[in-house]
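What follows is a short report on a single structure.
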Amino acid sequence: MSDSRQRLSGCEYKKRKAEKEANIKKQAGSLKKFFQKSTVLHESISANSVILTSDQVDENPIETDIAFTKTLTTLNDSSNHLISSESKELTLIIGTDPATWPFFLSDKLKTTIVEKGPPSPILKTFVFPLDDNNRRFTVFNYQRCLSNEENVLRTWLVYSLSKKVIFCYFCKLFSISKTKLGTDGYNDWRHVSIILKEHETSNSQLRAHQTWIEFSSRLKDKKTIDDSNQRIFESEKKYWNAVLQRIVSVIQLLGQQNLAFRGSSDQLYKQNNGNFLKIIELMALYDPIMSEHVRRTMNTKNKTHYLGKDIQNEIISLISGAIKTRILNMVKEAKYFSIILDCTPDLSHVEQMTIIIRFVFVESSKKESNVTICEHFLGFIPIETSTGMGLSDIIIQQLKDLGIQIENMRGQGYDNGANMKGKHSGVQRRIRNINPRAFFVPCCANSLNLVVNDTVKSSKEAIEFFDIIQKDYVFFFGIYTPLANSFKTYYKFNGKAIKSDKIGK
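In structure tokens:
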């Protein structure tokens with residue numbers, strides 16, 4: 009009996025299977041398009057967990073710190089979980105360029121952007137770049153001419169320096185309709201005036217503007233839906249700002265006093281854990297903010313404390329950069345300067361060149377002007393060659409990297425080595441070939457030492473005298489008696505022979 013059902017061919021089965029797999033791949037990830045990761049804050053946090061208000065901070069700092077700490081300790085586990093889970097979003101820095109904003113803006117990011125407000129228009133002195141059609145955006149587009157010929161500033165218009173396009177600030181945040189000014193930006197400078205006039209009167213822009221006004225006013229009045237959660241985040245911000253201010257102050261103190269930071273242990277309340285942690289422990293006895301921070305740190309569940317060696321090095325680097333920037337600004341303000349260079353090997357036998365800069369700084373005030381001769385150390389530079397050409401190239405490149413013009417150099421100070429003071433190929437000659445006004449002055453201490461050394465070698469009595477001193481030095485250092493030990497301690501002997509080039513010192 010024949011089968012009444014008609015079977016498809018093998019090719020047809022393969023074709024249908026391929027179509028089915030293609031449809032499955034096309035529908036992959038469809039749920040993710042409809043459901044976004046929830047950024048809504050935990051609802052179990054009560055409104056009674058308000059910690060601190062801005063008015064309380066300014067009036068009485070001591071009472072504020074105590075109340076601040078007491079209330080922090082009453083936070084329940086849900087608020088701690090909330091803060092730790094959203095810590096990444098809190099630390100995200102949102103700039104004023106809309107092109108750098110994430111495609112999906114959460115409520116927290118929108119709150120941060122609205123709190124900052126619309127970016128200020130770019131100054132008139134700024135020259136906007138040209139596009140492929142030799143056209144550019146101009147500052148006149150920031151002005152809107154009304155029917156009564158009155159000019160009004162378009163506060164919603166933002167120019168992106170990174171993408172070289174313009175955005176609508178309100179539409180980028182709150183617009184539902186997808187317009188170029190609210191998504192990818194607009195850069196057709198030929199029709200920009202027409203587009204701006206049409207956009208500022210469109211319904212989508214007006215609705216986005218209204219939403220921004222309502223949202224910003226509610227933030228100011230603290231009447232948002234997640235007001236209690238918002239207050240917890242604000243209090244946590246103030247807490248970490250206060251902690252970081254104290255940590256930075258401790259680092260500045262240790263740096264000013266030239267004290268070591270770390271010891272053999274990096275844990276609180278341990279022996280030999282260094283000056284930094286000991287000062288933190290001392291502050292915790294009297295300061296409520298630091299006391300609360302130490303209490304959190306001692307809890308093993310809290311991994312973020314900013315007391316480790318990595319954050320110390322990072323803050324030291326930031327402070328160093330700020331100091332260096334300040335010094336360079338003073339040099340540029342003074343204009344003319346001199347440099348002092350010297351080279352010495354470190355413990356790893358790598359030659360390190362030090363750069364010291366001298367200048368006259370005039371600090372003007374309303375009452376009087378203070379003139380100060382400043383001398384600042386700019387850092388160590390490892391060098392691989394000690395020839396005049398190699399050192400001069402390093403110096404010129406280093407000044408260029410620091411933004412200091414070598415044409416404003418008026419003095420050079422080095423030792424009397426041939427590679428430094430050479431009249432034909434020394435460092436001072438190579439720099440004077442670029443700037444003839446950079447006069448060279450040899451190191452006076454080194455010159456005096458060479459004079460004394462040569463003078464001693466020309467006198468037989470002096471040679472015999474220093475030879476006796478050398479023998480006495482070796483003799484007393486080799487004797488292991490209490491008298492020799494006291495003798496060495498009194499004269500601070502170190503067991504090394506006296507070198508001839510150190511006699512003058």
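The C-terminal residue of the sequence shown carries number 513 in the working numbering, and the numbering is unbroken.
Glycine included, C-beta positions come from ideal geometry on N, C-alpha and C.
Since this is a predicted model, take the numbers as computed values, not measurements.
Assumed close pair residue i, residue j - CB separation to whole angstroms, cut-off 8 Å
i, j, result
"V256", "I323", "6 Å"
"P106", "T163", "That pair is no contact at about 14 Å."
"N427", "G434", "6 Å"
"I327", "I259", "7 Å"
"E251", "H199", "Sequence check: residue 251 is Val here, not Glu. 52 Å between Cβ atoms; not a contact."
"L227", "E123", "6 Å"
"L169", "C179", "The Cβ separation is near 19 Å, so there is no contact."
Neighbourhood of residue i by C-beta, 6 Å cutoff - its chain only, sequence neighbours within 5 removed
i, result
"M298", "R254, M291 and A292"
"D354", "Q360"
"A26", "none"
"H384", "I335 and I365"
Residue i in three-state terms, based on DSSP
i, result
"H384", "strand"
"S243", "helix"
"D274", "coil"
"Q413", "coil"
"P390", "strand"
"M361", "strand"
"Y314", "coil"
"F175", "strand"
Sequence-distant residues of the same chain with beta carbon closer than 7 Å to residue i, five excluded per side
i, result
"K317", "R270 and D274"
"Y167", "I130, F145 and I174"
"F182", "A216, T219 and W220"
"I363", "I347, L349, L386, G387, I389 and Q406"
"K118", "L181"
Residue environment, residue i, which counts as buried when at least 16 other CB atoms sit within 10 Å
i, result
"V379", "exposed"
"Y294", "exposed"
"F111", "exposed"
"E472", "exposed"
"C451", "buried"
"I381", "exposed"
"T393", "exposed"
"L349", "buried"
"Q265", "exposed"
"H207", "buried"
"F134", "exposed"
"F241", "buried"
"F345", "buried"
Beta-bridge partners of residue i, as assigned by DSSP
i, result
"Q151", "L161"
"R366", "S346 and E383"
"C351", "M361"
"G419", "S346 and F447"
"E472", "None; E472 has no bridge partner."
"S372", "S377"
"Y167", "I174"
"Y194", "I174"
Sequence-distant residues of its chain with Cβ nearer than 8 Å to residue i (five each side left out)
i, result
"M397", "S433 and R438"
"G263", "I324 and I327"
"S155", "none"
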